[in-house]
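Peer 1: This is the structure I have questions about; it appears just below.
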Amino acid sequence: MTTVHALQETHEPADLLRGLYGDGIIGLKGAFPRDWVVRMREDIETLFAEAQQVPGGALPRGPQRWYVEVHPERIRGFVDIATHPWFVAVCEAVLGPDYRIVEVGFDVPFPGAADQPWHRDFAAPEATTKGRRLNSLAFNLTAVDTLPEMGPFEVAPGTQWDVFEGCARGMFPPRELWPRYISRAVPKLPRMGDISARSALTIHRGTANRSDQSRPVLVVGVDAPDATNANHHDLQVTRRYLESLPPRVRDHLTCRVVDALTTVVQHHTIEGLLKPAY
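Residue numbering for the sequence shown follows our numbering, beginning at 1005 and increasing consecutively.
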């Protein structure tokens, strides 16, 4: 039996699946108002300053590029994201009704950030290599209007299905394959308020930031029930915050419930991203 929800009537599952199983990335323009994004950037800047004061609080992802994992309740707009009709529709269409939010963080390429090597965010699981199924998604929300000189995210559409061996952590395709990704590369120039969803297996890279501005991006990671990405994260919520959440958010969180938040000390250093791709 097929259950048709109002959200699915607005955002057709077939369209969402076509995009993510085809190009590996889709987006919705103007999902949030600009003043909402301004508040999100304020939160990111506050949290980045805090993370810099703690060993392991901010992890390098290359020269002048950092990743910070944060607590959902420290992002004022988290519930708005998790209940947005497009977000819910994408999660349900691709990952099923029991999808799990497992990660909240942000990536910040500062002026001087260099081209990253082509990569995927983790090794492709058997669900994808053998089952030909996507069982996780990464949602991105830019905190700025992205300009070409700011080092936009670059993606090689359709490469979430690529299989390659003998590479570091199953993430970094050998350089002899780079011409394939360069020929397919599409730079993404989202504006404040836009949201995208992608398979983190689609080959991509951050490019060199030649501007005088940083380019912060919020990341929300979501798994299907059989995915295991939660093992690499430490999503924490306080009991008070968890009880305040609507069921449509609370029921989809994979998290550690705590009386008081502690800084997420990160150990997931990705050595292959620490050197620029010259």
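We put the CB at the ideal spot given by N, CA and C, even for glycine.
#1: From which residue to which residue does the beta strand (DSSP E) around Ser1203 run?
#2: Just to check my reading of the structure: Thr1211 and Tyr1185 have Cβ atoms closer than 8 Å, yes? What is that Cβ distance to the nearest angstrom?
#3: For Arg1243, I'd like the list of residues in its chain whose CB is within less than 8 Å of its CB, leaving aside the five on either flank, ordered along the chain.
#4: Judging by CA-CA distance, which residue of Thr1146, Pro1076 and Leu1246 is the nearest neighbour of Asp1238?
#5: Would Arg1136 pass as a contact of Pro1229 if the rule is Cβ separation under 8 Å?
#6: Please classify Asn1235 as buried or exposed, where buried requires at least 16 other C-beta atoms within 10 Å of its C-beta.
#7: Count the other CB atoms, across all protein chains shown, that sit within 10 Å of the CB of Ala1018; report buried if there are 16 or more and exposed otherwise.
#8: Select from Pro1194, Asp1027, Arg1124 and Leu1193 the residue whose C-alpha is nearest the C-alpha of Trp1182.
#9: Report the option in Arg1078, Ile1079, Arg1080 and Gly1061 whose CA atom is closest to the CA atom of Tyr1071.
#10: Among residues of its own chain, excluding the 5 on either side of Ala1010, which ones have a beta-carbon nearer than 6 Å to its beta-carbon?
#11: Determine the burial state of Gln1057: buried for a count of at least 16 other Cβ atoms within 10 Å of its Cβ, exposed for fewer.
#12: Decide if the segment 1111 to 1123 is in contact with the segment 1077 to 1085; the criterion is three or more beta carbon pairs, one per stretch, under 8 Å apart.
#13: Quick one: residues in its chain with C-beta nearer than 8 Å to the C-beta of Glu1158, no 5 flanking neighbours on either side, listed in chain order?
#14: Excluding sequence positions up to five away, which residues of its chain have a Cβ less than 7 Å from the Cβ of Val1041?
#15: For the alpha helix (DSSP H) holding Glu1169, just list the boundary residues, first then last.
#16: Can the beta-carbon of Gln1240 be found closer than 8 Å to that of Leu1257?
#17: Our contact map puts Ile1048 next to Ser1200 with C-beta atoms below 8 Å; I'd like the distance itself, whole angstroms only.
#18: Nearest to Gly1225 by CA position, among Ser1248, Phe1176 and Leu1145, is which residue?
#19: Let me know the secondary structure DSSP gives Leu1020 once reduced to three states.
#20: Leu1214 and Glu1153: beta carbons closer than 8 Å?
#21: Quick check on His1088: does DSSP put it in helix, strand or coil?
Peer 2: Short version:
#1: Bounds of any beta strand (DSSP E) do not take in Ser1203, whose DSSP letter is neither H nor E.
#2: Thr1211 to Tyr1185, Cβ: 12 Å. No contact.
#3: Only Val1261, Val1262 and Asp1263 meet the Cβ criterion.
#4: When Thr1146, Pro1076 and Leu1246 are compared, the shortest CA-CA separation from Asp1238 is found for Pro1076.
#5: No. Outside cutoff.
#6: Residue environment: Asn1235 is assigned as exposed (fewer than 16 neighbouring CB atoms within 10 Å of its CB, all protein chains considered).
#7: Taking all protein chains in view, the Cβ of Ala1018 is surrounded by fewer than 16 other Cβ atoms within 10 Å, so the residue is classified as exposed.
#8: Of the residues Pro1194, Asp1027, Arg1124 and Leu1193, the one whose Cα lies closest to the Cα of Trp1182 is Arg1124.
#9: Gly1061 is the residue among Arg1078, Ile1079, Arg1080 and Gly1061 whose C-alpha sits nearest the C-alpha of Tyr1071.
#10: With a pLDDT of only 41 at Ala1010, under the threshold of 50, the placement of this residue in the model should not be trusted; the figure read from the coordinates follows. Nothing meets the Cβ criterion.
#11: Taking every protein chain shown into account, the CB of Gln1057 has fewer than 16 other CB atoms within 10 angstroms, so this residue is exposed.
#12: No: the two stretches stay apart, fewer than three of their Cβ pairs being nearer than 8 Å.
#13: Excluding residues up to 5 positions away in sequence, Ala1189, Val1190, Pro1191, Lys1192, His1208, Arg1209, Gly1210 and Thr1211 lie with their Cβ nearer than 8 Å to the Cβ of Glu1158 in the same chain.
#14: Ala1147, Met1196 and Gly1197.
#15: Secondary structure note for Glu1169: it is in no alpha helix (DSSP H), with a DSSP letter that is neither H nor E.
#16: Going by C-beta atoms, Gln1240 is not nearer than 8 Å to Leu1257.
#17: Not a contact, Cβ separation roughly 17 Å.
#18: Out of Ser1248, Phe1176 and Leu1145, Leu1145 has the C-alpha closest to the C-alpha of Gly1225.
#19: Looking at Leu1020 - three-state DSSP - the assignment turns out to be helix.
#20: This sequence places Arg at residue 1214; Leu is not what is there. In this structure, Glu1153 lies closer than 8 Å to Arg1214 by Cβ.
#21: Here His1088 sits in coil by DSSP.
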